[in-house]
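In the working numbering, the protein residues as written are 27 to 261.
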């Protein structure tokens with residue numbers, strides 16, 4: 027954790043909370059010590075330990091600056107195995123992606139939506155973990171849709187890109203994206219169906235590639251995000 031995030035008004039961390047454990051066992055802090063902290067999607071600053079009790083840690087918080095900035099980049103990422111999606115979510119938040127839309131694709135496994143990642147809200151903790159890794163307070167919005175049709179209808183951006191290694195597609199590394207909001211679509215391990223590719227084409231998505239090799243979804247998500255942010259002028 028490069029910053030510890032608190033909910034608005036949260037000034038007590040129970041001993042069972044992972045953040046409290048981090049303060050005690052990793053940072054080795056005591057009463058009177060301070061550490062980097064922030065309010066989820068809000069101000070960033072310093073938290074001071076006012077009391078270390080058996081049942082938890084009492085804090086005070088002093089705001090310094092706004093650490094909630096996220097970049098105007100939306101990812102459409104087709105549902106993949108939950109273990110892979112956990113990595114995608116964590117890395118996307120840490121890189122500053124504004125929103126992720128996660129549709130069930132035609133060729134993907136519909137059962138993924140029944141995983142504890144979604145049914146028990148585990149993905150929300152992963153998002154917080156990614157934000158705390160980044161040192162900023164902004165947490166990406168996440169939308170889970172039943173189909174790509176719904177995802178395309180929800181996605182909003184000036185430039186819309188379909189990562190696709192088809193012959194003749196432009197390289198994402200050459201795209202002119204500065205000053206634009208961008209939607210980047212990344213397919214599942216088995217790829218998008220012909221129907222879904224048609225949906226993208228009719229919705230104005232431009233096919234682009236990040237190399238001639240076929241990548242895993244999680245690799246394409248990280249590589250594509252970094253390239254897009256670079257062409258947008260943010261990294």
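Ideal placement from N, C-alpha and C gives every residue a C-beta, glycine not left out.
The structure displayed is predicted, hence computed values, not measured ones.
Distance from the Cα of residue 176 is smallest, within the candidate group 198, 132, 43, 76, for 132.
Ranked by Cα distance from residue 78, the first of 93, 54, 254, 169 is 54.
In the three-state scheme derived from DSSP, where H, G and I count as helix and E and B as strand, residue 201 is classed as coil. Looking at 198, 200, 140, 249, the one whose alpha-carbon comes closest to that of residue 172 is 140. Rounded to the nearest angstrom, the Cβ distance from residue 73 to residue 86 is 7 Å, consistent with a contact under 8 Å. The residues 191, in chain order, have a CB closer than 7 Å to that of residue 238 in the same chain once the five nearest residues on each side in sequence are set aside. At least 8 Å separates the beta-carbon of residue 57 from that of residue 30. The continuous beta strand (DSSP E) containing residue 168 extends over residues 167-171. Between residue 187 and residue 154, the C-beta spacing is not below 8 Å. Closest by C-alpha distance to residue 227, out of 202, 246, 189, is 189. In the DSSP assignment, residue 111 falls outside any beta strand (DSSP E) and within the unbroken alpha helix (DSSP H) covering 108-120. Considering only 106, 149, 98, the residue with the shortest C-alpha distance to residue 136 is 106. In this structure, the CA atom of residue 84 is about 12 Å from the CA atom of residue 32.
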